[in-house]
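Numbering (the numbering used here), first residue to last: 57 to 309.
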């Protein structure tokens with residue numbers, strides 16, 4: 057059996073995630089649902105997400121709508137209390153260096169953009185849909201949100217599109233983040249969904265996760281930025297625009 061919480065698992069949140077999973081695990085077992093003792097970490101995300109014995113994981117909205125929908129059970133979206141977004145929704149924060157004289161997003165046309173992955177909703181698709189001119193400029197693929205933020209801080213890129221929750225965690229933990237500022241935010245979209253293997257009892261999983269969030273210590277809820285769990289229909293994820301991948305997007309422009 058597999059359980060993973062990979063999307064916001066950082067060194068400073070790892071312990072809280074483990075305690076969060078322990079509460080979910082015990083709640084599932086109390087309801088007669090088998091669950092692994094510990095979280096799985098490492099390996100390919102799609103190997104977790106599409107495993108027939110997946111008990112629970114969290115994916116990004118982009119892979120959910122493009123590759124996972126119809127192949128996994130949708131449980132719900134955690135509410136991280138993202139400012140400017142409804143519960144269970146999030147957005148991208150577009151960041152630049154604090155000393156960059158450009159103040160409006162439109163002034164950054166032609167700027168070098170750092171993004172984490174072409175299959176990321178917050179790192180690529182949200183910005184490409186919101187500001188297509190920026191997505192046609194010079195691009196730097198970094199492999200992660202923290203790496204994108206660091207690329208801007210170190211001058212290897214001029215802008216980065218970051219998951220709003222990831223940005224809040226980065227700003228809280230990484231000293232280099234003090235040299236960055238938010239230029240703009242993209243429109244809200246459904247947050248990163250919790251998923252399970254197709255055929256899983258999504259209602260029982262929702263109940264166990266919601267109870268675990270309510271039972272977490274205040275320190276752990278703060279560390280994970282968790283406020284609750286929200287039911288969001290698959291149709292809300294499928295309705296989000298899906299821009300072309302970076303290379304194709306640039307050629308199309």
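We treat Cβ as the ideally placed atom computed from N, Cα and C, and that holds for glycine.
Quick caveat: nothing in here was measured; it's all calculated off a predicted structure.
Separation of residue j from residue i, as counted between CA atoms
| i | j | result |
| --- | --- | --- |
| residue 144 | residue 134 | 5 Å |
| residue 244 | residue 296 | 10 Å |
| residue 258 | residue 207 | 39 Å |
| residue 290 | residue 116 | 13 Å |
| residue 161 | residue 155 | 15 Å |
| residue 59 | residue 113 | 6 Å |
| residue 271 | residue 163 | 46 Å |
Neighbourhood of residue i by C-beta, 8 Å cutoff - its chain only, sequence neighbours within 5 removed
| i | result |
| --- | --- |
| residue 165 | 189, 190 and 193 |
| residue 230 | 202, 205 and 206 |
| residue 255 | 129 |
| residue 106 | 124, 127 and 128 |
| residue 97 | 60, 62 and 65 |
Anticipated Cβ contact below 8 Å, residue i with residue j, distance rounded
| i | j | result |
| --- | --- | --- |
| residue 91 | residue 57 | 7 Å |
| residue 146 | residue 220 | 5 Å |
| residue 195 | residue 169 | 5 Å |
| residue 174 | residue 302 | 5 Å |
| residue 288 | residue 132 | 7 Å |
Residue from the options with nearest C-alpha to residue i
| i | options | result |
| --- | --- | --- |
| residue 122 | 293, 256 and 73 | 293 |
| residue 284 | 301, 209, 265 and 172 | 265 |
| residue 74 | 280, 286, 187 and 253 | 280 |
| residue 212 | 198, 218 and 223 | 198 |
| residue 158 | 275, 228 and 237 | 237 |
| residue 223 | 76, 95, 274 and 138 | 138 |
| query | Would you call the stretch 148–167 and the stretch 182–202 touching, i.e. three or more CB-CB distances under 8 Å? | reply | yes
| said: Check whether the stretch 115–129 and the stretch 248–261 are in contact - that is, three or more C-beta pairs closer than 8 Å. | reply: yes
| said: Does the structure place the stretch 80–89 close enough to the stretch 65–72 that three or more beta carbon pairs sit under 8 Å? | reply: no
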